[in-house]
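Report on one structure; see the data block that follows.
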Amino acid sequence: MKKHQLYIEGKYTDSTGNEWLDIINPATEEVISQAPRGTDKDVDRAVQAAFDAQKSWELKPNIERGKIVRKLGDAIQEKRDTFIDLLQEEQGKNYDLAQGEVDLAIDYFHYMSEWARRIEGDIVPSDRPNENIYIYKKPIGVVAGIVPWNFPVFILARKVASALVTGCTLVLKPSQKTPNTTMEFTKIVDKMKEIPKGVYNVVTGTGSEVGNALASHEKVAMISMTGSIAAGTKVMEAAASNITKVNLELGGKAPAIVTKHADLDVAAENITTSRLANNGQACTNAERIYVQEDIADTFINKLKERFESQTIDNPRQNKEADIGPLISGDRLKTVDDMVQKAKENGAEVVIGGERANQDNGYFYKPTILTNVTHESDIMQEEIFGPVIPIDTFQTLDEAIEKGNDTVYGLSSSVYTEDMNEAMRVINELKFGETYVNRENFEAVQGYHAGMRKSGLGGTDGKHGIEDFLVTHVVYMQYNKDKQ
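Going by our numbering, the sequence shown opens with residue 6, and the numbers climb by one from there.
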């Protein structure tokens, strides 16, 4: 069984502690590797290494950093099958989504490498004679990247590519559930002599220890964290002691609004994808449906047909499987407890509503619930599993009001062939993303950000790269008589 090490200042090293975390295959419940349970001292070593490397790294010409970021994407491409297999083993993705995630990570490194020549400042006129005002964009400094378990390859790419191309150094903390793909990527970094020692560092461990130590470290300039609201709140609290910038992508409770003017086949197909992708474990997943009363029965039947067609199996052994396991036994219990509570409160199970009959693993049946009220827990709290509750509405006013009535604000969607309806929903929904007649998944050149408790700051595209930069203004006086 593989035992990982930390990666600090360009070399593999043991933790100062002597505890290990078991990494479990969620489809088989077998321990597949172990990672060190990092300590405060490990974090301090890694941050100091990144801090020491920052000065020379940010002075490297942007185009040189861009070439390195491009090369990282090329290197993942060369080991594509390895990453797909590791991702399926440690996280339980079906084959199509696993290869899609790895390909998207490759694309992200390639896309971000192109920004090396596009990080621009400005020159603005001064109110004073003989003066120019120059606005520079510079790297923020050491970035602590906290990566979640649900997309460990893609979100690693998001944090690493964005940090390196802007001239930031990095300390990465992978999820304690899915560090294997991060450590495979670290092998790539270790072989690339173009990356100076200390620019990229990895400390494995728990959020309460390693995450907190990173967030509270005085030499960390920004914490880029993807995870739950509870974890994000703790990061903010720890960062507050040093007034450290936070970039947080947190949970979601995305509404899907289906009007009587929708193409119901398009709606049913895309909501199935949006709910069941990654076994229901994505912050952008459709989490609740509001369907107009006139077409509710027809739509629910179409959705049920698609849920019925989903196959459940160990996706690493069966490439045709649609649904894999949830990440852990705790997650399985949480999802089932939410469904059982909804049933006790009057919800009706259209399909599913229970654990899948597998010999091993944390599998749950794709589930549709009706007869739920908008105020119920199942409609208000993030499920993070293959379960979708459905409520109805009479007017678009009602649907928009229900959609916005949440503490979350990441993703949303609407299905209608009436563009007047679509434009109204777009203008009135209060979410960072709205998808119209398509599945919920963002593009690398877009902007991924939430409102309310779904986070602060954002990622992707030209707007996302700004979070890794600071603005430096120079007021330059000159003497026109001295020539």
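For each residue, glycine too, the CB sits at the ideal point set by N, CA and C.
This structure is a prediction, so every number in the text was calculated from the model and none was measured.
Integer Cβ distance of residue i from residue j, believed to fall under 8 Å
| i | j | result |
| --- | --- | --- |
| V74 | L169 | 5 Å |
| I328 | Q96 | No, I328 and Q96 are not in contact; Cβ-Cβ is about 14 Å, not under 8 Å. |
| A110 | I81 | 6 Å |
| T400 | I305 | That belief does not hold up - the Cβ atoms of T400 and I305 are roughly 20 Å apart, past 8 Å. |
| N99 | A287 | Incorrect: roughly 13 Å between the Cβ atoms, too far for contact. |
| N217 | K239 | 7 Å |
| Y295 | K407 | 6 Å |
| L11 | T277 | About 41 Å separates the two Cβ atoms, so there is no contact after all. |
| H379 | D396 | 5 Å |
Cβ neighbour criterion (16 or more within 10 Å) applied to residue i
| i | result |
| --- | --- |
| E325 | exposed |
| P371 | buried |
| T439 | buried |
| P130 | exposed |
| R123 | exposed |
| A448 | exposed |
| D318 | buried |
| E136 | exposed |
| Q93 | buried |
| N290 | buried |
| K487 | exposed |
| T316 | exposed |
| Q59 | buried |
| S20 | buried |
| M343 | buried |
| E83 | exposed |
| A245 | exposed |
| N283 | buried |
| D47 | buried |
| E214 | buried |
| V430 | buried |
| S314 | exposed |
| I228 | buried |
Beta-carbon proximity list for residue i, same chain, < 7 Å, skipping 5 on both sides
| i | result |
| --- | --- |
| E1 | Absent from the structure is residue 1, since the part of the chain shown begins at 6 and ends at 488. |
| S233 | L255, G256 |
| E34 | N365, G366 |
Residue i at chain B interface by Cβ criterion, 8 Å
| i | result |
| --- | --- |
| A273 | In the displayed structure, chain B is absent; only one protein chain is listed. |
6 Å Cβ shell around residue i - same chain, five flanking residues per side excluded
| i | result |
| --- | --- |
| M241 | V251 |
| T421 | T264, H266, A267, A427 |
| A103 | I89, L92, Q93 |
| G462 | N252, D472 |
| M188 | H9 |
| G78 | I111, F114, H115 |
| R336 | none |
Beta-carbon proximity of residue i to residue j, cut-off 8 Å
| i | j | result |
| --- | --- | --- |
| S180 | E444 | no |
| S381 | N350 | yes |
| W25 | V204 | no |
| T303 | L281 | no |
| K224 | V147 | yes |
| V207 | L255 | no |
| K142 | T476 | yes |
| I29 | N185 | no |
| T171 | L474 | yes |
| P394 | V412 | no |
| I145 | A226 | yes |
| I13 | R50 | yes |
| V355 | K307 | no |
| G466 | Y483 | no |
| E292 | E387 | yes |
| G455 | G285 | no |
| G469 | S167 | yes |
| G71 | A32 | no |
| M481 | Y139 | yes |
| Y367 | P320 | no |
| F159 | E119 | no |
| F398 | Q297 | yes |
| I262 | F312 | no |
| K202 | G15 | yes |
| A149 | L219 | yes |
| T174 | A55 | yes |
Identified DSSP bridge partners for residue i
| i | result |
| --- | --- |
| Q39 | K8, D27 |
| V296 | V263, T397 |
| Q482 | E136 |
| K250 | M227 |
| I276 | Note: I276 sits in no beta bridge, so no partner. |
| H453 | T464 |
| L219 | Looking at the DSSP assignment, L219 forms no beta bridge with any residue, so it has no partner. |
| A149 | V176, I228 |
| L474 | P144 |
| N206 | V176 |
Chain-order list of residues whose beta-carbon lies under 8 Å from that of residue i (same chain, five-residue window excluded)
| i | result |
| --- | --- |
| D341 | E359, R360, Y369 |
| K65 | G172 |
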